[in-house]
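To start, the structure itself, in structure tokens.
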Amino acid sequence: MRAHLQRLVSRRPTLSRPWTLSRSLTGFPPAVGPSPQAAVRVQSRSRLMDPFSPEELNRFTQICGQVTEQSDYPLSSEIAHNAVVYSGDQLRKFITNGSQSRDDIMAEIHKCLATGPGVLVIRKFVKDTDLIQRTNSVLSKIIEREREGAKGDHFSAAGNNDRIWNSFQKHAIADPRSFVEYYSNVLLDMVSEAWLGPGYQLTAQVNVVRPGGKAQEPHRDYHLGFQSERTASRFPIVSQIASAMLTLQGAVAHTPMPLASGPTQLLPFSQQFDHGYIAYRQPEFVDFFHKHMVQTALDIGDAVFFNPALFHAAGDNKTKDLHRIGNLLQVSACWSKPMETVDRNAIIRATWSDVKDYIANTQGGIDSPSSQALLKAICDAYSFPTNLDKDPPPADSHCPETQLDRVTRGVAEKWSDDSLNQALDELAAKRAA
Numbered sequence: 052m053r054a055h056l057q058r059l060v061s062r063r064p065t066l067s068r069p070w071t072l073s074r075s076l077t078g079f080p081p082a083v084g085p086s087p088q089a090a091v092r093v094q095s096r097s098r099l100m101d102p103f104s105p106e107e108l109n110r111f112t113q114i115c116g117q118v119t120e121q122s123d124y125p126l127s128s129e130i131a132h133n134a135v136v137y138s139g140d141q142l143r144k145f146i147t148n149g150s151q152s153r154d155d156i157m158a159e160i161h162k163c164l165a166t167g168p169g170v171l172v173i174r175k176f177v178k179d180t181d182l183i184q185r186t187n188s189v190l191s192k193i194i195e196r197e198r199e200g201a202k203g204d205h206f207s208a209a210g211n212n213d214r215i216w217n218s219f220q221k222h223a224i225a226d227p228r229s230f231v232e233y234y235s236n237v238l239l240d241m242v243s244e245a246w247l248g249p250g251y252q253l254t255a256q257v258n259v260v261r262p263g264g265k266a267q268e269p270h271r272d273y274h275l276g277f278q279s280e281r282t283a284s285r286f287p288i289v290s291q292i293a294s295a296m297l298t299l300q301g302a303v304a305h306t307p308m309p310l311a312s313g314p315t316q317l318l319p320f321s322q323q324f325d326h327g328y329i330a331y332r333q334p335e336f337v338d339f340f341h342k343h344m345v346q347t348a349l350d351i352g353d354a355v356f357f358n359p360a361l362f363h364a365a366g367d368n369k370t371k372d373l374h375r376i377g378n379l380l381q382v383s384a385c386w387s388k389p390m391e392t393v394d395r396n397a398i399i400r401a402t403w404s405d406v407k408d409y410i411a412n413t414q415g416g417i418d419s420p421s422s423q424a425l426l427k428a429i430c431d432a433y434s435f436p437t438n439l440d441k442d443p444p445p446a447d448s449h450c451p452e453t454q455l456d457r458v459t460r461g462v463a464e465k466w467s468d469d470s471l472n473q474a475l476d477e478l479a480a481k482r483a484a
């Protein structure tokens with residue numbers, strides 16, 4: 052037996068070059084470097100707690116020195132400061148008239164976020180500015196109600212801003228009608244699915260930066276961007292790379308955001324640097340960020356989306372009278388833990404009448420893109436985790452019924468509030484341990 056095993060081992064193919072995880076696992080191009088060896092993503096147990104070498108900063112410089120070519124993004128309207136810019140009107144027209152398939156658009160968006168600059172802007176992402184003004188009125192009331200103690204930002208000091216945590220759920224409870232109109236956004240659905248696939252989980256936080264508000268420190272975002280350096284360094288490099296594929300960051304401008312107001316500072320292509328979750332904390336990388344970051348002015352209703360591994364920071368609000376308001380969207384893959392807990396049952400119950408009215412009055416009804424976007428925004432579309440004793444897979448599937456399945460059926464059957472409540476309670480009981 053031992054001799055047989057030795058013969059099998061001796062037959063293993065030899066590799067002519069190191070295996071690059073960037074190509075084999077993530078789909079990213081190999082990291083920029085002088086040799087194939089530089090592209091191999093490995094670490095010793097203590098590797099990431101050691102100081103960065105000049106070679107690594109040089110590699111980071113090369114990565115961030117790339118240039119975005121519009122020919123690589125034929126559906127875009129322009130390239131601005133290396134960010135890919137799309138017209139929301141044009142994207143909606145593509146979807147409506149079928150001149151470009153939804154899959155074609157999503158493929159281009161995914162390429163931008165993964166192997167491209169890592170950031171895109173959609174002009175007129177929310178076309179109805181009156182809807183944004185109505186939403187702002189709702190959010191202002193929530194802020195006033197909650198303004199009892201200082202609320203800090205993750206990467207800037209308390210007192211610079213007003214923040215509504217879980218504005219997604221609070222908006223739904225406070226004003227269901229504007230919530231339903233706001234989150235029935237076909238572009239939000241498309242961008243989220245482009246990066247994360249189906250079953251994504253939406254959360255939102257509103258941030259208001261007052262005149263004089265200071266910039267954040269440059270950082271990467273959730274998951275590992277929120278951990279300490281010591282904790283982050285304990286995760287294998289492949290896990291650090293994979294974590295960026297579990298989240299999408301976005302922000303919708305609820306006020307004009309001229310450059311003086313401090314729209315998000317961005318470092319295009321920086322998401323491609325493998326060791327970035329440790330590097331963004333180092334002085335030499337912070338200095339590089341401040342020298343090379345870019346900003347793009349936004350109008351009301353414009354949105355920016357970026358890879359969470361992109362180095363970025365909210366900018367200084369240097370205006371005298373403009374309160375910069377952004378709806379910060381954080382979208383998680385179905386198998387990722389979102390940062391915030393959201394009571395989706397409460398959202399569905401609060402908005403049920405308006406959801407049914409919206410879908411009934413939308414051309415195409417429940418099958419329309421905007422109706423589907425709304426249902427996917429408010430419902431849990433993943434079967435797990437669940438209690439498989441009480442919620443086993445059906446005979447014709449490996450996956451039990453989802454909340455989205457059940458709510459979609461309820462819309463089609465025009466359930467009453469009582470029927471909805473019973474259905475949601477039954478599903479929650481089946482899933483409970």
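In terms of the numbering used here, the sequence shown has 381 at position 330, counting the first letter as 1, and numbering is strictly consecutive.
Every residue, glycine too, gets a C-beta built ideally from N, C-alpha and C.
In the three-state reduction of the DSSP assignment, A158 falls in the helix class.
Per DSSP, the beta-bridge partners of N258 are R214 and G377.
Taking a contact to require three or more Cβ pairs closer than 8 angstroms, the region 294-301 and the region 239-255 qualify as touching. Within the region 337-424, complete alpha helix (DSSP H) segments of at least 4 residues are found at 395-411, given in chain order.
Under the three-state reduction of DSSP, A131 is assigned to strand. Shortest Cα-Cα distance from C430 to any of I146, Q252, P105 and A134 involves Q252. The C-beta of P444 has fewer than 16 other C-beta atoms within 10 Å across all chains shown, which makes the residue exposed. A302 carries a strand assignment under DSSP once its states are collapsed to helix, strand and coil.
For V172, the enclosing beta strand (DSSP E) begins and ends at V170 to R174.
The continuous alpha helix (DSSP H) containing A245 extends over residues V237 to L247. Here DSSP, grouped into helix, strand and coil, assigns S279 to coil. Excluding sequence positions up to five before and after A295, its CB lies within less than 7 angstroms of the CB of Q322, N358, P359 and A360, all in the same chain and listed in chain order. For F230, the enclosing alpha helix (DSSP H) has its first and last residue at P227 to Y234. Here V136 is bridged, per DSSP, to E129 and V172.
Distance from the CA of S470 to the CA of T402, rounded to the nearest whole angstrom, comes to 15 angstroms.
Per DSSP, N109 is one residue of the alpha helix (DSSP H) stretching across P105 to C115. A check of alpha carbon separations from L426 across T453, A446 and L439 identifies T453 as the nearest. D456 and Q316 have their alpha carbons spaced roughly 40 angstroms apart.
Counting only residues of its own chain and dropping the five nearest sequence neighbours on each side, V231 has a CB closer than 7 angstroms to the CB of T402, D405, V406, Y409 and L425.
For N217, same chain residues with a beta-carbon under 6 angstroms away, outside a window of 5 residues either side, are E391 in chain order.
Q316 sits in a strand when the DSSP states are folded into three classes. Between the region 133-141 and the region 169-183 there are three or more C-beta pairs closer than 8 angstroms, enough to call the two in contact.
The C-beta distance from S150 to S421 rounds to 19 angstroms, too long to meet the 8 angstroms contact threshold. For H222, the secondary structure class from DSSP, reduced to helix, strand or coil, is helix. A direct Cα-to-Cα measurement between N211 and G263 gives close to 8 angstroms. When secondary structure is reduced to three states using DSSP, L253 falls in the strand class. Annotation: R261 to E335 spans about 29 angstroms, alpha carbon to alpha carbon.
DSSP places G461 inside the alpha helix (DSSP H), whose first and last residues are Q454 to A463. Membership of Q291 in the alpha helix (DSSP H) is indicated by the continuous run I288 to S294. Ranked by Cα distance from A384, the options D440, A428, S191 and H270 are led by A428.
When C-beta atoms of the region 121-129 are compared with those of the region 154-162, three or more pairs fall below 8 angstroms, so the two segments count as touching. DSSP places K481 inside the alpha helix (DSSP H), whose first and last residues are D468 to R482.
Rounded to the nearest whole angstrom, the CA to CA distance from G250 to A432 is 5 angstroms.
Looking at the DSSP output, H270 bridges to H363. No residue range can be given for Q151, since it is assigned to no alpha helix (DSSP H) and is classified by DSSP as neither H nor E.
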